[in-house]
Amino acid sequence: MIVLVFNVGGSSLKYQLIDTTDKQWICKGSIEKLGETDAQWNHLNDERIVYPKVPEKFEEIVPTIVKLANLTGYTIELIAHKIAFGGPKHLAPTILTPLVINEIEEYVSAFPVHLPPALQIIRIIASDFPNFIQVGVF
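In my numbering, the protein residues as written are 144 to 281.
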């Protein structure tokens, strides 16, 4: 299975396109210093690419990451998100339905650095790429 994995925090975003059958990454990248003027975006597939200008908004970043993943020639079958906390109902990997997303949102005040950007990316993908199944890993 080909999985695009997101791991976002307060100041960084990491992603990997992984082939789970052989546990190898296909492409991966990271953006450090999100929202700052000196933010850095590194993307690695067959070669390393450094993007000199990093978009400020996830609404621009996320579709670009999906596009970069699609350029590998592989088809994304699932999108997974490392999420800081899912509440007592969500301890194991869980499909991110609208109900689950709303339940996770209840814990934003307890995890204000990690949950808001993770939920924002989840919602962007749900809106821009509604056919992708998204899973939260807690």
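No residue lacks a Cβ here, since even glycine has one placed at the ideal position from N, Cα and C. The structure presented is a predicted model; accordingly, all values stated were derived computationally and were not measured.
Exercise. Just the Cα atoms here: how many angstroms apart are valine 278 and lysine 200?
Worked result: 22 Å
For this session: May I ask you to report which of helix, strand or coil DSSP gives glutamate 199?
Result: coil
Exercise. Exposed or buried, alanine 235, counting other C-beta atoms within 10 Å across all chains shown (16 or more means buried)?
Worked result: exposed
For this session: Look at the alpha carbon of threonine 180 and the alpha carbon of valine 197, and state the distance between them as a whole number of angstroms.
Result: 9 Å
Exercise. So which of Asn245, Ala253 and Asn274 has the shortest CA-CA distance to glutamine 263?
Worked result: Asn245
Exercise. Would leucine 147 be called buried (16 or more neighbouring beta carbons within 10 Å of its own) or exposed?
Worked result: buried
For this session: Report yes or no: do three or more beta-carbon pairs, one from the region 213-233 and one from the region 241-260, lie closer than 8 Å?
Result: yes
Exercise. Which same chain residues, not among the five before or five after proline 259, have their C-beta less than 8 Å away from its C-beta?
Worked result: Val251
For this session: Pick helix, strand or coil for isoleucine 219, following the three-state DSSP scheme.
Result: coil
Problem set entry | Euclidean distance between Cα positions of isoleucine 174 and isoleucine 238 | 26 Å
Exercise. Since leucine 187 is in the alpha helix (DSSP H), which residue starts that stretch and which ends it?
Worked result: Run containing leucine 187: none in the alpha helix (DSSP H); it sits in the beta strand (DSSP E), 183-187.
Problem set entry | Candidates Trp168, Gly152 and Asn188: closest to lysine 176 by CA position | Gly152
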